[in-house]
Each structure stands twice: as C-alpha cells, then as structure tokens.
Amino acid sequence: MPITTALLAEYPTHLPIVADWIFHQWAIRKPGATLENVIERLQSHLQTNELPIMVIALDGAQCIGTASLRSSDLQGHEDLSPWLASVYVPEERRRMGIGTALVQAVEIHAIRLGIRNLYLFTPDREDFYSAIGWESYTTTTHDDQPVVVMRRQLSLNITSAQLEPIS
Ligand SMILES: CC(C)(COP(=O)(O)OP(=O)(O)OC[C@H]1O[C@@H](n2cnc3c(N)ncnc32)[C@H](O)[C@@H]1OP(=O)(O)O)[C@@H](O)C(=O)NCCC(=O)NCCS
1 MPITTALLAE
11 YPTHLPIVAD
21 WIFHQWAIRK
31 PGATLENVIE
41 RLQSHLQTNE
51 LPIMVIALDG
61 AQCIGTASLR
71 SSDLQGHEDL
81 SPWLASVYVP
91 EERRRMGIGT
101 ALVQAVEIHA
111 IRLGIRNLYL
121 FTPDREDFYS
131 AIGWESYTTT
141 THDDQPVVVM
151 RRQLSLNITS
161 AQLEPIS
C-alpha cells in the first residue's frame, strides 16, 4: 500500500495518536503539561484553509507521522511567520522518506494558502532540512538550548512528482 499524506482534519480519529506522539516527544518536558492539554490544543488544528493545520502520513488506515503549519512557534521571533512544526515519525518508520514527505506536504499546503516564506527551528536536525531545500536563517535559543532558525522560500514550481504519494 503506498504511503500518502492528508490533513488531520480529514481523519480526526487519528488525533489521539498524534497527540500522544507530540506529548511524549516535546510537551512532557514542560511543567504542568498533560496529554489532555495536547489533545485539546490539537482540536484547533482540525481545519483546512486557515492556520493552524496538521498534516499526517498514512499507510493504509494507519497513521505513521505528522507535521504542522502554524502562525507562531518560537518566542521572541513573532516577526517571523508561519512555521513548520511538530515534524514527527515514529522510530520504527524512520529513514524511509516519510519525514521528507510530511515536510513537502506542509510546503504544498502553505503554497495553497498563499504563503511564500516558511520558518522552522531545530536544535539538531539542520542537515535533514538543508538536504530538502531549507536554508539556515539565524541562530537563537529555545528553553536555554541553542537552535537554528531555518527558512524555506516557496516557489509556485511544484512538480506533479511532489504531489504524488510516496511508495
Ligand atoms: C526528524 C524526523 C521527522 C525524520 O523523519 P524520517 O521519516 O526518518 O525522515 P526521512 O526518512 O525523510 O529522512 C531521514 C533520513 O533518512 C534518509 N533516508 C530517507 N529515505 C531513506 C531510505 N529509503 N533509506 C535510507 N535512508 C533514507 C534521509 O536521507 C535522511 O538522512 P539524514 O538523517 O542524514 O538527514 C524523525 O527522525 C523524527 O520524528 N525525529 C523525532 C522528532 C524530531 O526530532 N523532529 C524534528 C524536529 S526539528
């Protein structure tokens, strides 16, 4: 079965697994954060034409990754917007191109919504994003950790290949 991408809004039954990933990967480190908070916050991502949106990767009926597009993500950098965030693929599915497909799916939705510049920040995955067209923009800190802010200038030249499901 080919791997495809879709909006979480089209498959809201996958919200609990996406929330679980986000909670355990990131939110758990924030004092007072709970899985219920994350589930509640993700309800606002169940839309298609306004930010925030959430993209998921699917292998048949199984959800195998996620990424989001949101207006703000990094405190102190409110001048930059919007942001690619929460890119996550479960460990057993990594290094198969799913993360790349999720990033590209978010880029395509950004273009659809008229967005021309997209940002992200990463503590340790600069090489992954550089390899797929992102450029380093500036460096800063997040939660006392050094991070690189990266930018993707989106063009309208999206090829049909980028819209095909990955296999
Ligand atoms: C970062 C993350 C999303 C990447 O997901 P992924 O599905 O493994 O991504 P891809 O498979 O597209 O690419 C990952 C690597 O596998 C390589 N790869 C892609 N397809 C491959 C294949 N068929 N065989 C072998 N390697 C492959 C890519 O070249 C890339 O190499 P790199 O690690 O040198 O950059 C994933 O590791 C993850 O969820 N990490 C935890 C959360 C996280 O850190 N998110 C990023 C926050 S900034």
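If you read the sequence shown in my numbering, its first letter stands for residue 1, the second for the next number, and so on.
In this text, a Cβ means the ideal position worked out from N, Cα and C, and glycines have one as well.
Opening and closing residue of the beta strand (DSSP E) in which residue i lies
i      : result
Gly170 : Since the first residue shown for the chain is 1 and the last is 167, residue 170 is missing from the structure and cannot be characterised.
Leu171 : Coverage of the chain is limited to positions 1 through 167, which leaves residue 171 absent and any answer about it impossible.
Glu135 : 135 to 142
Thr122 : 117 to 122
Same chain, Cβ closer than 7 Å to residue i, neighbours up to 5 away in sequence not counted
i      : result
Val103 : Ala67, Leu84, Val87, Ile132
Leu138 : The identity of residue 138 in the sequence shown is Thr, whereas the question assumes Leu. Taken in chain order, the residues that qualify are Val149.
Glu135 : Met150, Arg151
Under 8 Å between C-beta atoms of residue i and residue j
i      : j      : result
Ile3   : Leu58  : yes
Leu7   : Val38  : no
Phe128 : Val147 : no
Val89  : Gly76  : no
Pro31  : Ser44  : no
Leu118 : Asn49  : no
Leu35  : Ala9   : no
Ala110 : Thr5   : no
Residues of its chain near residue i, where Cβ-Cβ distance is below 8 Å and the 5 sequence neighbours each way are ignored
i      : result
Arg116 : Gln153, Leu154
Per-residue DSSP class, three states only, for residue i
i      : result
Trp26  : coil
Gln47  : coil
Glu164 : Reliability of the predicted coordinates at Glu164 is poor, the pLDDT of 46 falling under 50, and no value is obtained from them.
Gln75  : coil
Leu156 : coil
Thr34  : coil
Where the alpha helix (DSSP H) through residue i begins and ends
i      : result
Ile129 : With the sequence shown as reference, residue 129 is identified as Tyr, and Ile is not the correct amino acid for it. 126 to 130 is the extent of the alpha helix (DSSP H) around Tyr129.
Val103 : 98 to 112
6 Å CB neighbourhood of residue i in its chain, flanking five on each side removed
i     : result
Leu42 : Leu15, Ala19
Does the segment 20 to 29 touch the segment 73 to 80, meaning 3 or more C-beta pairs lie closer than 8 Å? no
As a quick check of your reading: which residues have a C-beta less than 6 Å from at least one non-hydrogen atom of ligand 3, in chain order? Absent from the structure shown: ligand 3. Ligands present: ligand 1.
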